[in-house]
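First comes the structure, then the notes that go with it.
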Amino acid sequence: MIKNIKYVDGKGFDPYLNLALEEYLMQNVKENECILYLWQNENTIVIGRNQNPWKECKIHEFERDGGHLVRRLSGGGAVYHDQGNLNFTFLIRKQDYDVDRQLEVIVKAVRKLGIKAEKSGRNDITVSGRKFSGNAFYTRGDRCYHHGTMMVNSDLTKLSGYLQVSKEKLKLKGVDSVRSRVTNLSVYHPDLNIDILKEKLIEAFEEVYGQKAVIYAQNDLDQKALQKGREKFSSWEWLFGRDMKFQYELSKRFIWGNVDFQFQVNQGVVRDIQLFSDSMDPDFIDSIPEYLKGCRYENQDLTAGLSLVPAAIKARQEMKEDLVIYFTSVEL
Ligand SMILES: Nc1ncnc2c1ncn2[C@@H]1O[C@H](COP(=O)(O)OC(=O)CCCC[C@@H]2CCSS2)[C@@H](O)[C@H]1O
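Here the working numbering runs 83 ahead of the position in the sequence shown, where the first position is 1.
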């Protein structure tokens, strides 16, 4: 039985620190307590725990434009966050975990604004058939969380520009583009802003749980533990070094011929590589794989590997240069 409800007002916009705080709150949630954490990220793509970042978004373009990529603990798909999006997390012990009750808080808050929100499918909340909130869930031992997004006035051009959603997935959802699937709450309530939404969420939280929410004392937080969490969430290993076997293919036509690369990447590192080419210099092509094996599957490392390939003959020098130039900017 929930006896205490608490509220955490997220302060910064650093996605790695925010996720560290979310995990910390989960680890520290007490029995009979429900914590509602409201938070925002700046310009971030959050992928699900088991997702392949290279497949889900245009990482290089996004990071070049100042975006942050984050992998969360919960499963599900990739979502885009900016300061027009508010995230909520309910942190709670397993015996009191109740997704319907938690969702009631969200739906009730939005309905207070005169917007007809509805739960839809496995993890969406929609208005007029369009998604403004995606939800995901996580359990560790007897601690759980349920979190979700709420788009108030997010930049939908960026959202659909950086996320790469497969045609199959869109078809499955019965839409033909990412953009047509989502919406902002401000479309239905032009004066809406994040502060008003927060207010309504707290009101609904108190009504659904039948008590006053106490503000969670943030000055008692263990800063060391939070920094450690932040390091984990921002580490290369956590983001890319997952134990996933996958294959990539790249194709490029140069003046001197066509090259098809097939990469086997595991834990972010090229384990195997095959090259197919109609080049007139097969020995040169054959010499490449051993220099790329063991590189990280990222432009800089692959380019560094390629630059070690010996190419004494002038024609080979030119081929090598073409390849290095190609690998400095190709979208992996
Ligand atoms: N911010 C946001 N809100 C709602 N829907 C979004 C958002 N960004 C993208 N999308 C749409 O959802 C699908 C992915 O839907 P899909 O159902 O695959 O995944 C999710 O919903 C996951 C929600 C995770 C919520 C966490 C809460 C705190 S950290 S992230 C994407 O292709 C877009 O069409």
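All residues carry an ideal CB built from backbone N, CA and C; glycine is no exception.
Considering Cα atoms alone, identify which of GLY312, GLU373 and GLN383 is closest to PRO393. Nearest to PRO393 by alpha-carbon distance, out of GLY312, GLU373 and GLN383, is GLU373.
Which partner residues does ALA219 have in the DSSP bridge list? HIS230
Below 6 angstroms, is the gap between the Cβ of GLY231 and the nearest heavy atom of ligand 1? Relative to the non-hydrogen atoms of ligand 1, the Cβ of GLY231 comes within a distance shorter than 6 angstroms of at least one.
Got a sec, what are the start and stop residues for the beta strand (DSSP E) THR209 sits in? For THR209, the enclosing beta strand (DSSP E) covers residues 207-210.
With 16 other CB atoms within 10 Å as the buried threshold, where does VAL139 fall? With the sequence shown as reference, residue 139 is identified as Glu, and Val is not the correct amino acid for it. Flag for GLU139 reads buried.
Residue environment, GLN306, which counts as buried when at least 16 other CB atoms sit within 10 Å: exposed
Given the structure, does GLY159 come close to ligand 3, in the sense that its CB is under 6 angstroms from one of the ligand's heavy atoms? Of the ligands one can find in the structure shown, namely ligand 1, none is ligand 3.
Looking at the secondary structure, which residues open and close the alpha helix (DSSP H) in which ALA395 lies? No alpha helix (DSSP H) holds ALA395; DSSP gives it neither H nor E.
Pick out whichever of ASP148, ASN126 and LEU152 has its Cα sitting closest to the Cα of LEU169. ASN126
Which residues share a DSSP beta bridge with VAL352? ASN349 and ARG379
Ligand 1 heavy atom lying under 6 angstroms from the CB of ALA300: no
In chain order, what residues of the same chain lie with their CB nearer than 6 angstroms to the CB of LEU284, ignoring the 5 residues before and after it? ALA192
TYR163 beta carbon near ligand 1 (any heavy atom closer than 6 angstroms): Checking the 6 angstroms criterion, the Cβ of TYR163 is within range of a heavy atom belonging to ligand 1.
LEU186 Cβ short of 6 angstroms to ligand 1 heavy atom set: no
What ranges does the alpha helix (DSSP H) occupy inside the region 105-145, keeping only unbroken runs of at least 4 residues that lie completely in it? 136-139
So for ARG155, helix, strand or coil by DSSP? Reduced to three states, the DSSP call for ARG155 is coil.
Please return the same chain residues whose Cβ sits closer than 6 angstroms to the Cβ of TYR409, not counting the five positions on each side in sequence. LYS335
ALA287 lies in the alpha helix (DSSP H); which residues open and close that run? Segment 277-292, the alpha helix (DSSP H) holding ALA287.
Provide the residue(s) that pair with ASP148 in DSSP beta bridges, ordered along the chain. In DSSP, ASP148 forms no bridge with anything.
Assumed close pair ALA398, ASP364 - CB separation to whole angstroms, cut-off 8 angstroms: That belief holds up - the Cβ atoms of ALA398 and ASP364 are roughly 7 angstroms apart, short of 8 angstroms.
How close, in whole Å, do the beta carbons of PHE220 and HIS229 come, if the pair is a contact with beta carbons under 8 angstroms? 5 angstroms
Return the CA-CA distance between THR222 and GLY324, expressed in angstroms with no decimal places. 22 angstroms
Ends of the alpha helix (DSSP H) at PHE316? First-last of the alpha helix (DSSP H) with PHE316: 306-317.
Pick helix, strand or coil for ILE198, following the three-state DSSP scheme. It is coil, neither helix nor strand.
Going by DSSP in three states, GLY167 sits in which element: helix, strand or coil? Three-state result, GLY167: coil.
Member of GLY224, CYS227, ARG226 and ASP183 whose CA lies at the smallest distance from the CA of ILE208: ASP183
For THR172, which option in TYR331, LYS281 and GLN178 has the closest C-alpha, if you only look at C-alpha atoms? For THR172, the closest C-alpha among the options TYR331, LYS281 and GLN178 is that of LYS281.
With H, G and I counted as helix, E and B as strand and the rest as coil, what does DSSP make of LYS94? coil
What is the residue span of the beta strand (DSSP E) that ILE298 lies within? Counting along the chain, the beta strand (DSSP E) containing ILE298 begins and ends at 296-298.
Using a Cβ-Cβ cut-off of 8 angstroms (strictly less than) and excluding sequence neighbours within five positions of ASN382, which residues of its own chain qualify? HIS143, PHE410, THR411, SER412, VAL413 and LEU415
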